[in-house]
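What follows is one structure encoded as structure tokens, with my remarks underneath.
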């Protein structure tokens, strides 16, 4: 995938679900992984030609793992001219040392979102962009069906009552494989995850299940995504 394809698919999602309004100040969640890099490049690139003016700020929640180096992200944001803020936390210590959580993802996510939302409000942003892609939407739907017994998934746009922030997901039309190809095409450096629970979660198990089904019924991810779009879920109705 080339930059132009990244911009095009991102713009399509933004237009379909009216994710951006004039003079929005959007915080971009930047972990340094492939997906958050794609989101940063996409929104930065769109700024130069999108008909609605908006600004972006990159924000990273430092979970407190050892040997985490943000110098490359600092350099990248400086190169792009994007303001960048790192939020120091002790989340890793709380989750893995103090609480010794057997299933740490839920608590970690809650603490991370709390720290992120607080900083975003301080930066006077009104929107937060997450880097969830098309595969994440399908995986979350399967997670909900298997472990919760309900039909639910990530929404393109979500208004957060408690904070007054609006959460947007501009990459929902982009496949994970295309993001991997984009990273390879431009030889971009990706920050490795320091989390010991990475690749050992229910989400990873669900992803492997979908891969197995796809081997028997190729194209299943595409059909599942189409089913989500046609499901009638309120937040998935195009504006």
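Residue numbers (the numbering used here): 953 to 1191.
Virtual Cβ for every residue (Gly too), placed ideally from N, Cα, C.
query                                                                                                                : result
Beta-bridge partners of residue 1080, as assigned by DSSP                                                            : 979, 1119
Within 8 Å, strictly: CB atoms of residue 995 and residue 978                                                        : yes
Beta-carbon proximity check, residue 1180 vs residue 1109, cutoff 8 Å                                                : no
Residue 904 to residue 1168 span [Cα, whole Å]                                                                       : A question about residue 904 goes unanswered here, because the residues of the chain that appear run from 953 up to 1191.
Residue 1159 to residue 1136 span [Cα, whole Å]                                                                      : 22 Å
Separation of residue 954 from residue 1045, as counted between CA atoms                                             : 39 Å
Under the three-state DSSP convention, the category residue 1011 falls into                                          : strand
Inter-stretch contact (C-beta, 8 Å, three-pair minimum) for the region 1096-1106 and the region 1056-1073            : no
4-residue-minimum alpha helix (DSSP H) runs that sit fully inside the region 1101-1145, ordered along the chain      : 1128-1137
Alpha-carbon to alpha-carbon, residue 1020 and residue 1165                                                          : 36 Å
Reference residue 1018, options 1117, 1009, 1042, closest by Cα                                                      : 1042
Separation of residue 1023 from residue 1125, as counted between CA atoms                                            : 30 Å
Top-ranked residue by Cα proximity to residue 1129, from 990, 1039, 1015                                             : 990
Sequence-distant residues of the same chain with beta carbon closer than 7 Å to residue 1087, five excluded per side : 1127, 1128, 1173
Nearest to residue 1188 (by Cα), restricted to the options 1096, 1057, 970, 1008                                     : 970
Buried or exposed by the 16-neighbour rule on C-beta atoms within 10 Å, applied to residue 1033                      : exposed
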